[in-house]
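Residue 190 in numbering that gives the first Met the number 0 sits at position 191 of the sequence shown, with consecutive numbering throughout. Worksheet for the structure shown next.
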Amino acid sequence: MSRVLIIGAGGVASVTIKKCARLTEFFDEIYLASRTLSKCEALQKDVGNDRVKAVFSVDADNADEVEALIVQVQPNLVINLALPYQDLPIMDACLATKTDYLDTANYEPKDVAKFEYSWQWAYQERFQEAGIMALLGSGFDPGVTNVYTAYAAKHYFDEILYLDIVDCNGGDHGQAFATNFNPEINIREITQRGRYFENGEWKETDPLSVREDLDYQNIGVRASYLMFHEELESLVKHFPTLKRARFWMTFGDAYLNHLKVLEGIGMTSIEPVEFQGQQIVPLEFLKAVLPNPGSLADGYTGKTCIGTYITGIKDGKEKTIFIYNNCDHAACFEEVGAQAVSYTTGVPAMIGAALMLNKTWHKAGVWNMEQFDPDPFMNMLNEHGLPWHVIECEESPFTK
Ligand code: NDP
């Protein structure tokens with residue numbers, strides 16, 4: 000019998016739990032815990048008591064609290080859909096209880112905007128010794144984009160050389176300024192310096208200073224900006240033939256103008272300031288006043304297009320392919336009451352969990368998505384709402 004404990008009850012968790020609830024062959028019992036009990040209760044009501052057996056309040060910054068909860072629930076797997084700050088305490092609790100672990104975003108310390116896998120990779124030996132597994136980054140990007148790369152390397156190339164991951168949200172939620180997942184985490188990511196890998200070294204750029212206008216399938220041309228994204232770090236490690244790896248995300252002018260103003264007045268800062276006798280972090284305050292990403296779903300129109308351009312060598316010849324998915328905001332709302340960014344993250348979390356539970360993807364240690372056979376994951380994407388397509392490109396769409 001399989002029993003999962005989901006931690007976090009936000010936009011992504013609401014999709015994962017609904018998808019898991021339908022898959023009785025993989026998920027016998029589901030338990031849900033988060034900081035705010037009322038959000039767990041609302042989700043339980045939405046999904047049904049027969050599938051979500053019980054809900055709990057937990058502070059996942061506190062490893063002892065998570066450990067006590069795991070001892071009480073006795074899950075086979077903890078699915079961490081809280082925030083990146085909670086990754087390490089939850090991994091500590093999994094180690095103490097010898098329980099498998101999955102997340103969708105790499106650990107970040109709250110007081111430094113530093114995005115790297117070093118903290119979680121440092122658990123490799125301890126997870127191996129305990130005989131348990133951690134699957135890191137089982138969302139879309141990271142997650143599906145890692146699996147796309149592994150799939151291309153397995154089926155299309157003898158050697159992969161150039162990688163460009165592109166993330167386009169061609170949707171319209173009608174708000175002046177809003178983020179599609181947790182605003183604090185999203186703005187930390189976007190305002191960091193750009194970084195990409197080329198010829199064995201990491202190169203830095205000013206934030207959002209490198210732009211390409213790319214034509215996205217079923218969306219059209221969108222301004223796309225070079226950023227650092229965590230999957231670049233694991234992909235260049237696991238595919239050492241890569242000469243260059245970059246990540247691009249689309250932003251509209253209105254979004255960038257709002258961001259510029261907010262940055263200019265210090266509202267995106269993570270340095271605490273004193274306000275009426277209290278220390279507050281401006282970005283945490285900004286999060287509190289921005290729309291909850293889940294609330295954008297009703298009336299959201301348009302599609303996302305997230306994919307991976309890969310150039311490599313096959314039978315002595317260089318070629319480029321693009322593997323991608325289009326996801327429609329309104330269709331996601333109709334299916335699970337969520338927008339496409341929550342959906343494209345929540346579904347891969349469910350798939351990663353299913354493959355761990357049935358041992359298709361299972362080995363002791365701490366692993367990134369591209370370290371497993373991509374085929375079963377790719378099949379499940381087609382079956383569970385995120386179908387993918389492969390295009391053979393005549394030439395690379397990038398000018399730089
Ligand atoms: P939300 O802010 O909507 O949800 C986060 C949830 O975590 C909330 O229920 C929140 O509780 C809970 N939480 C926060 N702190 C704690 C804590 N200390 N203890 C227990 N629960 C806590 O975020 P999203 O659903 O948008 O994102 C979830 C995760 O998915 C994030 O880590 C994000 O980075 C990742 N992500 C990954 C993507 C990918 O493609 N790989 C894409 C998009 C997101 P409360 O309601 O009380 O605040």
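Virtual Cβ for every residue (Gly too), placed ideally from N, Cα, C.
Looking at residue i and ligand 1, is the gap between the Cβ and the nearest heavy atom below 7 Å?
{"i": "Gly10", "result": "yes"}
{"i": "Ala59", "result": "yes"}
{"i": "Arg34", "result": "yes"}
{"i": "Ala177", "result": "no"}
{"i": "Lys38", "result": "yes"}
{"i": "Ile184", "result": "yes"}
{"i": "Pro141", "result": "yes"}
{"i": "Pro108", "result": "no"}
{"i": "Ala149", "result": "no"}
{"i": "Ser341", "result": "yes"}
{"i": "Phe238", "result": "no"}
{"i": "Leu80", "result": "yes"}
{"i": "Phe196", "result": "no"}
{"i": "Pro74", "result": "no"}
{"i": "Phe397", "result": "no"}
{"i": "Thr344", "result": "yes"}
{"i": "Pro290", "result": "no"}
Please state if the CB of residue j and the CB of residue i are separated by a distance shorter than 8 Å.
{"i": "Thr144", "j": "Ile164", "result": "yes"}
{"i": "Gly10", "j": "Gly351", "result": "no"}
{"i": "Leu76", "j": "Asp102", "result": "no"}
{"i": "Leu68", "j": "Ala32", "result": "yes"}
{"i": "Lys302", "j": "Ile218", "result": "yes"}
{"i": "Thr148", "j": "Phe238", "result": "yes"}
{"i": "Trp201", "j": "Arg210", "result": "no"}
{"i": "Cys39", "j": "Ala8", "result": "yes"}
{"i": "Arg187", "j": "Ile264", "result": "no"}
{"i": "His172", "j": "Leu4", "result": "no"}
{"i": "Glu229", "j": "Phe114", "result": "yes"}
{"i": "Leu94", "j": "Arg125", "result": "yes"}
{"i": "Thr267", "j": "Pro281", "result": "yes"}
{"i": "Glu128", "j": "Ala92", "result": "no"}
{"i": "Ala348", "j": "Gly47", "result": "no"}
{"i": "Thr307", "j": "His328", "result": "no"}
{"i": "Pro141", "j": "Met368", "result": "yes"}
Using the three-state DSSP reduction, which class does residue i fall into: helix, strand or coil?
{"i": "Glu64", "result": "helix"}
{"i": "Tyr161", "result": "strand"}
{"i": "Gln85", "result": "helix"}
{"i": "Ala12", "result": "helix"}
{"i": "Ala104", "result": "coil"}
{"i": "His388", "result": "strand"}
{"i": "Tyr150", "result": "helix"}
{"i": "Gly345", "result": "helix"}
{"i": "Lys302", "result": "strand"}
{"i": "Leu135", "result": "strand"}
{"i": "Leu241", "result": "coil"}
{"i": "Lys362", "result": "coil"}
{"i": "Arg50", "result": "coil"}
{"i": "Ala222", "result": "strand"}
{"i": "Met379", "result": "helix"}
{"i": "Glu183", "result": "helix"}
{"i": "Ser33", "result": "strand"}
{"i": "Leu4", "result": "strand"}
{"i": "Ser117", "result": "helix"}
{"i": "Glu394", "result": "coil"}
{"i": "Phe156", "result": "coil"}
{"i": "Leu80", "result": "coil"}
{"i": "Phe284", "result": "helix"}
{"i": "Lys38", "result": "helix"}
{"i": "Val260", "result": "helix"}
{"i": "Tyr254", "result": "helix"}
{"i": "Ser56", "result": "strand"}
{"i": "Val70", "result": "helix"}
{"i": "Gln123", "result": "helix"}
{"i": "Asn217", "result": "coil"}
Assuming residue i contacts residue j (C-beta within less than 8 Å), just tell me the rounded distance between them.
{"i": "Trp120", "j": "Val272", "result": "Not really, about 34 Å apart at Cβ, beyond 8 Å."}
{"i": "Leu261", "j": "Leu285", "result": "7 Å"}
{"i": "Asn324", "j": "Pro386", "result": "7 Å"}
{"i": "Ile6", "j": "Ile89", "result": "6 Å"}
{"i": "Ser1", "j": "Asp27", "result": "5 Å"}
{"i": "Leu162", "j": "Ile309", "result": "6 Å"}
{"i": "Pro396", "j": "Leu231", "result": "With a Cβ gap of about 19 Å, Pro396 and Leu231 do not count as contacting."}
{"i": "Arg192", "j": "Pro182", "result": "Arg192 to Pro182, Cβ: 20 Å. No contact."}
{"i": "Gly311", "j": "Leu160", "result": "5 Å"}
Check whether the segment 76-87 touches the segment 98-116, taking contact to mean three or more Cβ pairs, one atom from each stretch, closer than 8 Å. With the cut-off at 8 Å, the segment 76-87 and the segment 98-116 touch.
Tell me, please, whether the segment 341-361 touches the segment 6-24 by the rule of three or more beta-carbon pairs shorter than 8 Å. The segment 341-361 makes contact with the segment 6-24: 3 or more CB pairs, one atom from each, lie closer than 8 Å.
Three or more C-beta pairs below 8 Å linking the segment 154-172 and the segment 243-254: The segment 154-172, when compared against the segment 243-254, does touch it at the 8 Å Cβ threshold.
Taking contact to mean at least 3 C-beta pairs separated by less than 8 Å, is the segment 318-337 in contact with the segment 150-164? Yes, they touch.
Could you say if the segment 57-66 and the segment 19-37 meet the contact criterion of at least three C-beta pairs nearer than 8 Å? Because the criterion of three Cβ pairs below 8 Å is met, the segment 57-66 and the segment 19-37 touch.
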